[in-house]
Structure formats: C-alpha cells, structure tokens
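Trainee: Numbering (the working numbering), first residue to last: 22 to 265.
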Ligand code: APR
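(1) Kindly list the residues whose CB is nearer than 8 Å to the CB of residue 151, restricted to its own chain and excluding five residues on each side of it in sequence; keep chain order.
(2) Quick check: what's the CA-CA separation for residue 241 versus residue 163?
(3) What residue does the beta strand (DSSP E) around residue 232 start on, and which one ends it?
(4) Taking Cβ to Cβ, would you say residue 40 is nearer than 8 Å to residue 107?
(5) Any residue with its C-beta under 5 Å from a non-hydrogen atom of the ligand APR counts. Can you list them all in chain order?
(6) Determine the burial state of residue 140: buried for a count of at least 16 other Cβ atoms within 10 Å of its Cβ, exposed for fewer.
(7) Does residue 205 come out as helix, strand or coil in the three-state DSSP assignment?
(8) Of all the options 227, 231, 203, which has the alpha carbon lying nearest to the alpha carbon of residue 34?
(9) Alpha carbon to alpha carbon, how far is residue 228 from residue 125? Give it in angstroms, no decimals.
(10) DSSP on residue 180, reduced to helix/strand/coil?
(11) Between which two residues does the alpha helix (DSSP H) containing residue 254 stretch?
(12) Which same chain residues, not among the five before or five after residue 69, have their C-beta less than 8 Å away from its C-beta?
(13) Sort 215, 236, 221 by Cα distance to residue 199 and report the nearest one.
(14) Among the candidates 52, 36, 37, whose CA atom is the shortest distance from the CA of residue 43?
(15) For the region 75 to 89 and the region 110 to 117, state whether three or more C-beta atom pairs, one from each stretch, are separated by less than 8 Å.
(16) Among 209, 206, 216, 176, which residue has its Cα nearest to the Cα of residue 190?
(17) Buried or exposed, going by whether 16 or more other CB atoms sit within 10 Å of the CB of residue 184?
(18) To the nearest angstrom, report how far apart residue 89 and residue 175 are at their CA atoms.
(19) Under the rule that 16 or more other beta-carbon atoms within 10 Å means buried, what is residue 251, buried or exposed?
(20) If I measure Cβ to Cβ from residue 25 and keep anything under 8 Å in the same chain, skipping five residues before and after, which residues do I get?
If you want it as structure tokens, here you go:
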C-alpha cells in the first residue's frame, strides 16, 4: 500500500500520538467484532441485550455464561500483526497512548505498555456488590459464582451499556487526545460514546486524524487520511513505510 509522503513525514517527526482501537483490530486474531452476528448458541441474542445491568438483573446466569464463552474465546487467540505494529509504533514515538474499547487484553498481551482500557477487561472478574476482584471462582452450572467476601454475585469487569466508564481511564484518554499531534481511529465503527467523541475532539484541536478501518464510518469524512482495509495488513505496512 502506498502512503502519502506528507503522512510519512508527519509520523517520522511525531512526538505525541494517541490511538483509539475497537473490535476490528482483534478481528484478525479470530475474535468477532462487537456488531458481528453472534455465533452458535448466542446467535439468538443481540450483544446490547446481554451487555447491560438490566440483562444481568433479569437473567444473571445467561449473562455470566455469555461472558464465560467470550472469555474462553479470548483465551484461545493470540495478538495479530496489527497489535504488534502498534507496539512498534509505541517504541518509536516519545509519547504514545493506546486507548482501547476492546476488553480482550490483546494489546497488553502483544506488549503495548501505555494502554487505557475504556471498557474494562473480560479476563477480570469482580463482585457486583462489594467490587472485590477475584481470580478464582466455583464453576457451578446452575448459578452465578458468588463473592468469597460478601456472597454477592460475580460479574465481568467490563463496562455495560448504560454504565459509566472508569473515570481515571476516561480522563487520561481525554487528556492524551488533547495533547496528541496525531490521532488514529482503528478498527472501530465510531458509534459508541464517549469513545467515538475522542476523534472529533482531536480534530477540533487541530490534530491530524487518521482512520484505518475495514469500511467507511461516520468519522471518515472528517479525517485527514483514511485507509480502508484490514488493520493487520495496513498497520505493519505503515510502520515499515515510516520507520523501515
Ligand atoms: N481491520 C480493520 N477494521 C475491521 C476489521 C479488520 N480486520 N474487521 C472489522 N473491522 C471494522 C468493522 O468494519 C467495524 O467498523 O471494525 C469495526 C468494528 O466495529 P464494532 O463491531 O462496532 O466494534 P467497536 O467499534 O469496537 O464497538 C465499540 O461498542 O458495543 C460496544 O463496548 C462495545 O467496545 C464496543 C464498542
């Protein structure tokens, strides 16, 4: 893929770069994107009807089992070339912030260091009542595992629809976006707030906004550069074009 020489020059000189990633970056590792059709048993459900406090209150076991299925899927995959290209970019740019909507932990698994998990991490489990984190729980096929500390139900440490994002991560993401000279939006449909607002905040502050996504999104017309294709192919080629 050919990249505009001005983009290559911008990146060679860049001191502060922020990146927002979404499910598309993990798609090439074999994980379905959030708005992909669900698989098998889960095909009858919309994610929006499972990833919410109301769904958990209505049928905690169904929600727990969906996340247990997704946790096993995450454990079975590895980072792809797109994840590793972002690690290489972080190694080359003095101030680099990776803001992700993904809950699969693959960016850290690949070696990314400055990662802000806006929507939590599916591999972490906490008590729905007292918030205590736990690494181990009984696997009762009939009911949701209980907290050792208070007996409350356990839940995945992810942000559900209607829930607030973790304050520290969100504030750090807003600050990194404001300071960025270049802002990438990669593998995200750019429809879920507040993450989707970050690219517009970057643009309004005069940052160069670059989109890498399989298909156009509502952000595309507002970008300085947009590359439509697979992030696992485009990112390594961009890193090679800039840093050899
Ligand atoms: N390379 C690049 N982009 C890809 C690839 C790929 N290999 N495969 C899919 N895509 C694109 C799709 O075209 C789509 O625009 O990735 C985007 C994924 O969009 P979504 O499925 O909406 O996922 P995401 O944007 O991460 O969702 C944001 O919404 O549902 C909530 O909390 C959930 O974190 C999620 C958030």
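The beta carbon of each residue, even a glycine, is placed where N, CA and C say it ideally should be.
Mentor: Checking against the coordinates, here is how it stands:
(1) Non-local beta-carbon contacts of residue 151 in its own chain, meaning distances under 8 Å to residues more than five positions away in sequence, involve 168, 170, 171, 173 in chain order.
(2) Going from the Cα of residue 241 to the Cα of residue 163 covers about 46 Å.
(3) Residue range 229 to 234 is occupied by the beta strand (DSSP E) that includes residue 232.
(4) By the CB criterion at 8 Å, residue 40 and residue 107 fall inside the cutoff.
(5) Answer in sequence order: 43, 44, 45, 48, 49, 54, 55, 56, 122, 140, 208, 209, 210, 213, 234, 235, 236, 251, 252.
(6) It is buried - the Cβ of residue 140 has at least 16 other Cβ atoms within 10 Å.
(7) Under the three-state reduction of DSSP, residue 205 is assigned to strand.
(8) A check of alpha carbon separations from residue 34 across 227, 231, 203 identifies 203 as the nearest.
(9) Take the alpha-carbon of residue 125 and the one of residue 228: they are about 28 Å apart.
(10) Reduced to three states, the DSSP call for residue 180 is coil.
(11) Per DSSP, the continuous alpha helix (DSSP H) segment holding residue 254 begins and ends at 252 to 264.
(12) Excluding sequence positions up to five before and after residue 69, its CB lies within less than 8 Å of the CB of 182, all in the same chain and listed in chain order.
(13) If we check each option's Cα against that of residue 199, 221 comes out closest.
(14) Out of 52, 36, 37, 52 has the C-alpha closest to the C-alpha of residue 43.
(15) No, the region 75 to 89 is not in contact with the region 110 to 117.
(16) Measuring from the Cα of residue 190, the nearest candidate turns out to be 216.
(17) Its Cβ having fewer than 16 others within 10 Å, residue 184 is exposed.
(18) If I take the Cα positions, the gap works out to 12 Å.
(19) Taking a 10 Å sphere around the C-beta of residue 251, we find 16 or more other C-beta atoms and assign the residue as buried.
(20) If we look at residue 25 and ignore the five residues flanking it on each side, its Cβ neighbours are 246.
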